[in-house]
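For the record, the sequence lines run as chains S and F. Per the working numbering, the very first residue in the first sequence carries number 1; after that it's consecutive. Per the working numbering, the very first residue in the second sequence carries number 266; after that it's consecutive. Glycine included, every Cβ here is placed at the ideal spot set by N, Cα and C. Treat the numbers as computed from the prediction; the structure is a model and nothing was measured. Inspection log for the structure reproduced underneath, given as structure tokens.
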Amino acid sequence: MKTASSESTSARLLRTVGPPLLLLIVFLGFWQFCVWWFDLKPFLVPGPLRVASAAVASFGKLAAATRVSAAAALSGFAASLVTGVVIAFFFSQSRLIRVSCYPYAIFLQTVPIVAIAPLIINWFGFGFRSTVIISFIISLFPIITSTTTGMTSVDPELLDLFRLNQASRWQIWLKLRLPNAVPHLITGARTSSGLSVVGALVGEYFAGFGVNDYGLGFLIGRNTSQMRTDELFAAVIASTLLGITIFGTVSMAGAFVLNRWYNSR
Amino acid sequence: MPNVPLIIARQLGMSYGDASPILKHVELSVARGEFVSIVGPSGCGKSTLLRLVAGLREPTVGQLTIADAAPGRSQTKAAFVFQEPNLLPWRTVTGNIRLPLELDGSHTILGKSASDELIEQAIRRIGLLPGDAAKRPAELSGGMRMRVSLARALVTDPQIMLLDEPFAALDDILRQQLNEELQRLWWNKRWTGLFVTHNVSEAVFLSQRVLVMSRAPGTILETIDIPFDFPRSPELRAAPEFASLTGVISAHLRRAAGISESATSTRIAEGTA
């Protein structure tokens, strides 16, 4: 019974992971073949083998930069999570507050981050702090909108039930609106977690530099300007892996919460 | 049971904004400990009437008192059971039943052990097993969820129970079973029950009186006394008197909905021809 179950698990895993893995192998092979066939210059398009060898050679540098970027992205994401829930709390208090403040929240979503990044550097200087602020700004909006939706889309009959039992405004928020918003918050957090990495990298590209303390965004900018395309590709792959790791961790945490307390995924 | 009126409505009316009224000239008197059912066509304001009694809405016209006070100011504890169980999915059965005690402060006043005892009693009373206490709503069947909803209403030991089609979504067997349990709960505690339903048989089985409401704007057209003694057994449903009374109320209901007897008979005859 146990064997059958584990077999079916590994078969399921193979069915899930197998096709994209096979596609990746085919793609890498095709890429290497094109580089060889068209005799592409390494500073334009390095082959995957060259990228892999650059990644191995600069592993220490890449790992350190990934740590810095991860710290910036996670700090921006955590700040957006806390601030987003606080803002959603105020938004859920009255329609007037929502109508008045929503256009300014939309500003966060629509403003081109590259346009305000220099402004943030002017205010907060180069380095980690500005990077975190840029990551925070870009990842805040999904948290605000999804959490506000969750806090305001409460079943009217449940509100009646709470009022019938003389619930205070605070009790309605704490025992009804906030838990009702959790599945929505998780959806928003998944989107935000990916955006926080984008924000951290953009922030580092513009604002993040230091002699020994730089992130992947800075590394990408420097490798671009020095035409180290193989290292640039390695940094891009590291950035992608960082994004997938943070997104995957947040998604798994969200699935655990939904499964444990909401009996749904 | 002394016939002391607890819920009194005089010329009660209700409308939302400038829309045509939902309720008009409602005259109602429900005695303490009485079980009254309200039937009527869809949209006639039955649920609105319950919400007015609960103090969840304000009447626009007329007067409504519960133990001589306006519903919102009355010291009489009322509980509401909705058509949907409306359980909080993130809470266990125990957590859901505890909710009213937490909200009105009883949980803090009584202390954990006393409120846990009340919850256990409520779980036992509505026929759930102790093992169900730690389950979440998603793990329960529709009937069990409705039992939890009833337990949540009963845990505060209310003097008035307002039930808004609580069994409408359940199959007929389960509905009958829960009717019998609801009757037992009422018979044991003798709270005042106001029960809205579309099911005439259910109304007759449970109630001492059945009120028939008109189409919107709803008003009370007929009051039918149900003479059967309590506690009522399931066999009552097969009695000719039960069928006869059900037929009388159904006829009132058809008239209230604006369906004439002759039109119905003609359609039946056309169908069989």
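Just mark F/Gln473 as buried or exposed, buried being the case when its beta carbon has 16 or more other beta carbons within 10 Å. Within a 10 Å sphere around the beta-carbon of F/Gln473 sit 16 or more other beta-carbons, which makes this residue buried.
For the segment 157–176 of chain S, which residues have a CB atom closer than 8 Å to at least one CB atom of chain F, in sequence order? Glu157, Leu158, Asp160, Leu161, Phe162, Arg163, Leu164, Asn165, Gln166, Ala167, Gln171, Lys175 and Leu176
Starting from F/Lys289, trace the beta strand (DSSP E) both ways and give me its first and last residue. Leu288 to Ala296
Compute the Euclidean distance between the alpha carbons of F/Asn464 and F/Val304, then round it to the nearest angstrom. 8 Å
Note the first and the last residue of the continuous alpha helix (DSSP H) segment covering S/Pro103. Arg95 to Thr110
Quick one: which chain F residues come within Cβ less than 7 Å of S/Trp261? Trp355
Close beta carbons around F/Gln441, own chain, < 6 Å, minus the five adjacent residues each side: none
Does any residue of chain S bring its CB to less than 7 Å from the CB of F/Asp369? Answer yes: the Cβ-Cβ gap between F/Asp369 and chain S drops below 7 Å somewhere.
Is S/Pro183 close to chain F, meaning its C-beta is less than 7 Å from at least one C-beta of that chain? no
Let me know the secondary structure DSSP gives S/Thr3 once reduced to three states. Residue placement at S/Thr3 is flagged as unreliable, the pLDDT there being 49, under the threshold of 50; the coordinate-derived value follows with that caveat. If DSSP states are grouped into helix, strand and coil, S/Thr3 belongs with the helices.
Relative to the C-alpha of S/Ala54, which residue among S/Tyr262, S/Ala78, S/Thr229 and S/Ser130 is closest? S/Thr229
Could you round the C-beta distance between F/Thr325 and F/Ser280 to whole angstroms and report it? I think they count as a contact, below 8 Å. 5 Å
Could you tell me the distance, in whole angstroms, from the CA atom of S/Val236 to the CA atom of F/Ala416? 58 Å
Residue of S/Thr187, S/Ser168 and S/Met227 minimising C-alpha distance to F/Pro365: S/Ser168
I need the straight-line Cα distance from F/Arg339 to F/Asp333, nearest angstrom please. In the sequence under discussion, the amino acid at residue 339 of chain F is Ser, which differs from the Arg named in the question. Cα-Cα distance, rounded: 8 Å.
So is F/Tyr281 in contact with chain S if we call contact Cβ pairs under 7 Å? no
Just list the alpha helix (DSSP H) runs in the segment 379–440 of chain F, keeping only unbroken ones of 4 residues or longer that don't cross its boundaries, in chain order. 407–419
Quick one: Cα of S/Phe206 to Cα of F/Asn361, how far? C-alpha separation (whole angstroms): 52 Å.
Euclidean distance between Cα positions of F/Trp355 and F/Leu393: 19 Å
Through-space distance from F/Val420 to F/Ser371, alpha-carbon basis: 11 Å
Just checking: is the beta-carbon of S/Pro118 within a distance shorter than 7 Å of some beta-carbon in chain F? no
Contact criterion: CB-CB distance below 7 Å. Does S/Pro179 meet it with respect to chain F? yes
Touch check for the segment 367–382 of chain F and the segment 449–467 of chain F: three-plus C-beta pairs under 8 Å? They do not touch, by the three-pair rule.
Around the C-beta of F/Leu317, are 16 or more other C-beta atoms found within 10 angstroms, so that it is buried, or is it exposed? buried
Can you give me the C-alpha to C-alpha distance between S/Ser92 and S/Val154, rounded to a whole angstrom? 11 Å
Quick check for students: name the residue ranges of the alpha helix (DSSP H) that lie wholly in the segment 106–155 of chain S, counting only runs of 4 or more. 113–124 and 128–152
Proximity of S/Leu242 and S/Ala70 at Cβ, strictly below 7 Å: yes
Where S/Gln32 sits in the DSSP three-state scheme: helix
Beta-carbon proximity of S/Phe291 to S/Ser193, cut-off 7 Å: A query on residue 291 of chain S cannot be resolved here, the shown segment of chain S reaching from 1 to 265 and no further.
Beta-carbon proximity list for F/Pro267, same chain, < 7 Å, skipping 5 on both sides: Caution is warranted here: a pLDDT of 48 is assigned to F/Pro267, below 50, making its placement in the model unreliable, and the coordinate value is therefore given only provisionally. If we look at F/Pro267 and ignore the five residues flanking it on each side, it has no Cβ neighbours.
What is the DSSP secondary structure of S/Asp160, counted as helix, strand or coil? helix
In chain F, which residues lie with their C-beta within 7 Å of the C-beta of S/Asp155? Asn351
For F/Gln424, is the classification buried or exposed, using 16 other Cβ atoms within 10 angstroms of its Cβ as the cut-off for buried? buried
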